[in-house]
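Chains as they are written, first to last, in my numbering: chain A, 2 to 110; chain B, 25 to 137.
Where a beta carbon is used, it is the ideal one built from N, C-alpha and C, also for glycine.
This one's a predicted model, so the numbers in the text were calculated from it and none came from an experiment.
Below is one structure, written out as structure tokens; comments come after it.
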Amino acid sequence: QKEVEQDPGPLSVPEGAIVSLNCTYSNSAFQYFMWYRQYSRKGPELLMYTYSSGNKEDGRFTAQVDKSSKYISLFIRDSQPSDSATYLCAILFTGKLIFGQGTTLQVKP
Amino acid sequence: KAGVTQTPRYLIKTRGQQVTLSCSPISGHRSVSWYQQTPGQGLQFLFEYFSETQRNKGNFPGRFSGRQFSNSRSEMNVSTLELGDSALYLCASSNGQGGTEAFFGQGTRLTVV
Chain A
2 QKEVEQDPGP LSVPEGAIVS LNCTYSNSAF QYFMWYRQYS RKGPELLMYT YSSGNKEDGR
62 FTAQVDKSSK YISLFIRDSQ PSDSATYLCA ILFTGKLIFG QGTTLQVKP
Chain B
25 KAGVTQTPRY LIKTRGQQVT LSCSPISGHR SVSWYQQTPG QGLQFLFEYF SETQRNKGNF
85 PGRFSGRQFS NSRSEMNVST LELGDSALYL CASSNGQGGT EAFFGQGTRL TVV
């Protein structure tokens, strides 16, 4: 079993839709949860990070962690074509990032 | 503030050769981590250097090695290249103080033929 599981998609939505991206993880000791966005031919860019449980909001993006079910979510409101990218969940543990496989998102105008 | 710089951006090497990749972290950052990204395995941690010392290591064979210089710049070396080493190699820099914010470079695309 992988430490972090993420559905690779692809996920295609119309512009303006609410997007939900999800990951599950296996180790209850994990505390730092990140979401990265990666455009084609670019390195990953940190979107948000959350420590322990709860929600964190930044503009159109909301990150949510449910430690009881070992579930991480990223919600994108009012999605735009410029949000089309691969979204990677990651967990920082013992000094290294453990990534999910990444979900490819396409937002159609 | 300049970002993380990786050179070269693209490389084509022959099986059996060796290769060296370079990473210049954000000014003031003392930690440099290296990751390999492939379509099949995704992003996988190679190793981390902090203040010229390897602080963390992933599950890669000994053909993969690295080092960090006193100015925090880092190099990664892969010897005896195999076709399966073809990947995007990414470098990330952080302040290294249990820092949660790691900033990635654009990567070096290595193709082994």
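Asked	Found
Look up B/D109 in the DSSP assignment and say whether it is helix, strand or coil.	helix
Pop quiz: B/V102 and B/I36 are said to be a contact at Cβ under 8 Å. What is the actual Cβ separation, rounded to whole angstroms?	14 Å between Cβ atoms; not a contact.
Have a look at A/K3, A/Y37, A/A30 and A/Y33 and flag the residue whose alpha-carbon is nearest the alpha-carbon of A/L89.	A/Y37
State yes or no: is the beta carbon of A/F62 nearer than 7 Å to at least one beta carbon in chain B?	no
Within 7 Å of any Cβ in chain B, is that where the Cβ of A/G10 sits?	no
Less than 7 Å between the beta carbons of A/L93 and A/Y33, yes or no?	yes
Does the region 64–73 of chain B come into contact with the region 93–109 of chain A, if we say contact requires no fewer than three beta-carbon pairs (one atom in each stretch) closer than 8 Å?	yes
Got a sec: is the Cβ-Cβ distance from B/N80 to anything in chain A below 7 Å?	yes
Tell me whether A/E58 is buried or exposed, calling it buried when 16 or more other Cβ atoms sit within 10 Å of its Cβ.	exposed
Whose C-beta lies closer than 7 Å to the C-beta of B/L107 among residues of the same chain, with five residues either side of it excluded?	R39 and V136
What distance in whole Å lies between the Cβ atoms of A/T105 and A/P9, which are believed to be in contact at a cut-off of 8 Å?	7 Å
Taking CB distances under 7 Å as the criterion, tell me whether A/Q107 reaches chain B.	no
When the Cα of B/S55 is compared with those of B/G86, B/R91, B/Q42 and B/T31, which residue comes out closest?	B/R91
When you compare the CB positions of B/G4 and A/G96, do they come within less than 7 Å of one another, or not?	As shown, chain B starts at 25 and ends at 137. That puts residue 4 of chain B outside it, with no answer to give.
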